[in-house]
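Below: the structure, in structure tokens.
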Amino acid sequence: MSKTADLPDAKAMLDTRGLYDGPTIHSMNPLLLMEKIIRERIIDSLFWKEQAWGLNAATLLDRAVELSYIGGQYANQRPTAFICLVLKLLQLNPEREIILEYIQDEDFKYVYPLTALPYRYAFIQIYGGSEEVKDGGSSANGLHRYLRALAAFYIRLAWPAAEVYKTLEPLMRDYRKLRLRTQSGYRLTYVDEFIDELLTKERVCDIALPRMPTRTQLEDLDELEPREPLVSDVDSDEEGEGEGEEGEVEGAGSTDEQA
Amino acid sequence: MSKPSGVYDNAATGDTSFRRTWNREEYAQKAAERQAREASERKERYEAKMAGKKYIPKVEVGGEGEKKFDDSKMIEARRDRIRLDENLNKVQIVPLGSTGGRRGKGPGYYCEACDLNFTNSLEYVEHLNSKQHLLATGQTDTVERATLDMVKERLAWLKQKKREQDQAEEFDLAKRLAERHKIEEQERSQRKERKKVKKEEARQKKMQEGSIVHSDGLQADHGQDYAMMARMMGFGGFGSTKAQ
Ligand SMILES: [Zn+2]
Numbered sequence: 001m002s003k004t005a006d007l008p009d010a011k012a013m014l015d016t017r018g019l020y021d022g023p024t025i026h027s028m029n030p031l032l033l034m035e036k037i038i039r040e041r042i043i044d045s046l047f048w049k050e051q052a053w054g055l056n057a058a059t060l061l062d063r064a065v066e067l068s069y070i071g072g073q074y075a076n077q078r079p080t081a082f083i084c085l086v087l088k089l090l091q092l093n094p095e096r097e098i099i100l101e102y103i104q105d106e107d108f109k110y111v112y113p114l115t116a117l118p119y120r121y122a123f124i125q126i127y128g129g130s131e132e133v134k135d136g137g138s139s140a141n142g143l144h145r146y147l148r149a150l151a152a153f154y155i156r157l158a159w160p161a162a163e164v165y166k167t168l169e170p171l172m173r174d175y176r177k178l179r180l181r182t183q184s185g186y187r188l189t190y191v192d193e194f195i196d197e198l199l200t201k202e203r204v205c206d207i208a209l210p211r212m213p214t215r216t217q218l219e220d221l222d223e224l225e226p227r228e229p230l231v232s233d234v235d236s237d238e239e240g241e242g243e244g245e246e247g248e249v250e251g252a253g254s255t256d257e258q259a
Numbered sequence: 001m002s003k004p005s006g007v008y009d010n011a012a013t014g015d016t017s018f019r020r021t022w023n024r025e026e027y028a029q030k031a032a033e034r035q036a037r038e039a040s041e042r043k044e045r046y047e048a049k050m051a052g053k054k055y056i057p058k059v060e061v062g063g064e065g066e067k068k069f070d071d072s073k074m075i076e077a078r079r080d081r082i083r084l085d086e087n088l089n090k091v092q093i094v095p096l097g098s099t100g101g102r103r104g105k106g107p108g109y110y111c112e113a114c115d116l117n118f119t120n121s122l123e124y125v126e127h128l129n130s131k132q133h134l135l136a137t138g139q140t141d142t143v144e145r146a147t148l149d150m151v152k153e154r155l156a157w158l159k160q161k162k163r164e165q166d167q168a169e170e171f172d173l174a175k176r177l178a179e180r181h182k183i184e185e186q187e188r189s190q191r192k193e194r195k196k197v198k199k200e201e202a203r204q205k206k207m208q209e210g211s212i213v214h215s216d217g218l219q220a221d222h223g224q225d226y227a228m229m230a231r232m233m234g235f236g237g238f239g240s241t242k243a244q
């Protein structure tokens with residue numbers, strides 16, 4: 001059962017006079033997952049009214065690929081476009097497969113063997129941290145990292161805890177750079193670092209995240225399988241292991257020679 | 001044109017557009033339409049009430065109301081930024097006490113469809129988002145919900161667009177580099193040419209100067225030679241002997 005139409009903004013979903021009967025996330029009005037104060041700043045912002053208005057899950061992509069930084073609020077508590085689009089996603093509440101499409105990154109998979117290295121420093125050592133090389137030479141690739149970050153944030157807010165771990169943990173293999181805008185300026189971060197914060201911190205991008213059991217607690221409840229190591233452990237030998245689904249070994253094989 | 005001309009009808013400035021113009025016929029028609037609409041809405045509201053149902057306004061999709069608005073489109077996302085800076089840095093005459101949401105064209109932002117004027121960009125955007133404006137422009141207040149296929153398609157399209165853009169940029173860069181190279185090459189050969197000319201000039205100058213120096217020296221030498229010769233020959237100089 002899915003809706004056939006979305007609303008252009010958040011007005012109707014918030015103006016419910018206490019009688020909300022729309023779709024829920026964590027058994028509440030999805031928009032209320034964001035604290036009132038920042039939510040109102042978003043809804044009052046020009047970006048929300050002009051550029052986020054009337055988007056659906058497909059046209060939202062136009063805006064997502066224009067993002068050049070993540071973050072919550074900047075200069076004088078203005079909401080970032082990033083956080084505006086997070087609220088938009090809460091309002092649209094897109095189907096699971098759509099969100100999975102957002103975080104999937106074909107071009108990036110193409111360079112997975114390269115990124116399946118144990119440490120970022122090894123990666124940077126070999127590829128010199130150069131953006132072009134990191135992106136496997138595919139320039140269309142840069143399109144996705146902020147979309148991925150956006151979808152990851154939404155998943156953390158909206159999906160059940162076990163799903164959050166299962167979906168976000170694999171993204172910790174993504175070492176691409178992200179710009180983070182804060183009240184005091186810009187800071188450099190990485191996709192994996194951002195994902196790690198989403199999984200471990202209580203507040204990210206000025207948003208209080210829903211409480212979530214720890215991974216161990218979920219394992220004890222049998223809601224999660226013990227975590228497969230993302231990459232081979234530091235001390236274990238890497239040769240010929242390839243570790244898992246994306247296992248092209250060539251990239252990893254050349255690690256030792258060049259490092 | 002039969003109107004008496006006032007101060008604002010000055011042909012020299014021509015800027016009388018903010019003055020209200022009334023089109024009685026148009027307004028009468030609009031009023032009649034509105035009355036009819038309101039009447040039918042009241043009727044529907046009443047019928048819904050009698051049937052014990054909640055009244056759903058026509059503009060909200062669903063139910064019978066939708067049929068009457070067959071030609072209205074769902075909202076489409078904005079492709080471009082709204083041009084809020086259109087009138088920036090243009091001199092406009094502002095009537096005293098003007099506020100947002102006035103009828104008639106005036107300074108600031110004007111909505112053609114609703115014949116409304118706004119002085120503030122945020123108010124203008126809010127108006128463009130309003131039910132009133134949507135109704136006036138034949139739109140519903142709903143957005144088509146995207147399917148997975150629509151999402152995939154859009155993503156592929158955006159990727160393609162980005163790729164083309166990058167290629168164009170690359171091409172552009174290559175072109176610019178080539179042009180740059182050409183210009184530098186030209187400059188280099190011009191420099192070379194100039195150097196050559198300068199060198200040649202300098203050489204010639206030197207040669208000339210050299211000859212001048214030489215001839216000066218020669219004359220001087222000659223002078224000395226004459227003096228010496230004169231002394232040797234017993235007379236100090238021409239014409240100076242008398243004084244001695
Ligand atoms: Zn309008």
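Chains P and D, in that order, are what the protein sequence lines are. Mapping of the first sequence onto the numbering used here: position 175 corresponds to residue 175, and the numbering continues sequentially without gaps. Mapping of the second sequence onto the numbering used here: position 17 corresponds to residue 17, and the numbering continues sequentially without gaps. Backbone N, C-alpha and C fix where the C-beta goes; we use that ideal spot for every residue, glycine too.
- In the structure shown, residue 109 of chain D adopts extended strand secondary structure according to DSSP, grouped into three states.
- Relative to ligand 1, residue 151 of chain P has its C-beta separated by 7 Å or more from all heavy atoms.
- Among the bridge pairs identified by DSSP, residue 25 of chain P is matched with P:28.
- Separation of residue 34 of chain D and residue 117 of chain D (C-alpha to C-alpha, rounded to the nearest whole angstrom) is 21 Å.
- In the three-state reduction of the DSSP assignment, residue 172 of chain D falls in the helix class, which pools H, G and I.
- In the assembly as shown, residue 86 of chain P is a buried residue. Its beta-carbon has 16 or more other beta-carbons within 10 Å.
- A distance below 6 Å between beta-carbons, with the five flanking residues on each side excluded, links residue 213 of chain P to the following residues of its chain, in chain order: 161.
- Residue 97 of chain P reaches chain D at 148, counting residues in chain order whose Cβ is nearer than 7 Å.
- Under the Cβ criterion of 8 Å, residue 73 of chain P is not counted among the residues facing chain D.
- Excluding its 5 nearest sequence neighbours in each direction, residue 188 of chain P has C-beta neighbours in its own chain below 7 Å: 177, 179, listed in chain order.
- The three-state secondary structure of residue 204 of chain P, taken from DSSP, is strand.
- Membership of residue 131 of chain D in the alpha helix (DSSP H) is indicated by the continuous run 131-136.
- Only 122, 125, 126, 129 from the stretch 117-130 of chain D bring a Cβ to less than 7 Å from some Cβ of chain P.
- For residue 31 of chain D, the secondary structure class from DSSP, reduced to helix, strand or coil, is helix.
- In terms of Cα proximity to residue 4 of chain P, the closest of D:43, D:142, D:108 is D:142.
- One alpha carbon belongs to residue 101 of chain P, the other to residue 148 of chain D, and they sit about 8 Å apart.
- Cβ contact annotation for residue 7 of chain P (same chain, cutoff 8 Å, sequence separation greater than five): 13, 91, in chain order.
- The beta carbons of residue 148 of chain P and residue 171 of chain P sit closer together than 8 Å.
- Linking residue 20 of chain P to residue 216 of chain P through their CA atoms gives a straight-line distance of about 35 Å.
- Burial is judged here by how many other beta carbons sit within 10 angstroms of a residue's own beta carbon; residue 144 of chain D has at least 16 and is buried.
- Secondary structure of residue 35 of chain P (DSSP, three-state): coil.
- Below 8 Å, enough C-beta pairs join the stretch 72-82 of chain D and the stretch 50-62 of chain P to call them touching: three or more.
- Membership of residue 9 of chain P in any beta strand (DSSP E) is not indicated, and neither H nor E is assigned to it by DSSP.
- Collapsing the DSSP output to three states places residue 190 of chain P in a strand.
- In this structure the stretch 25-45 of chain P lies against the stretch 59-79 of chain P, because at least three pairs of beta carbons, one per stretch, are closer than 8 Å.
- A straight-line Cα-Cα distance of about 33 Å links residue 204 of chain P and residue 165 of chain D.
- Taking the Cβ atoms as the reference, residue 81 of chain P lies roughly 13 Å from residue 61 of chain P, outside the contact range of under 8 Å.
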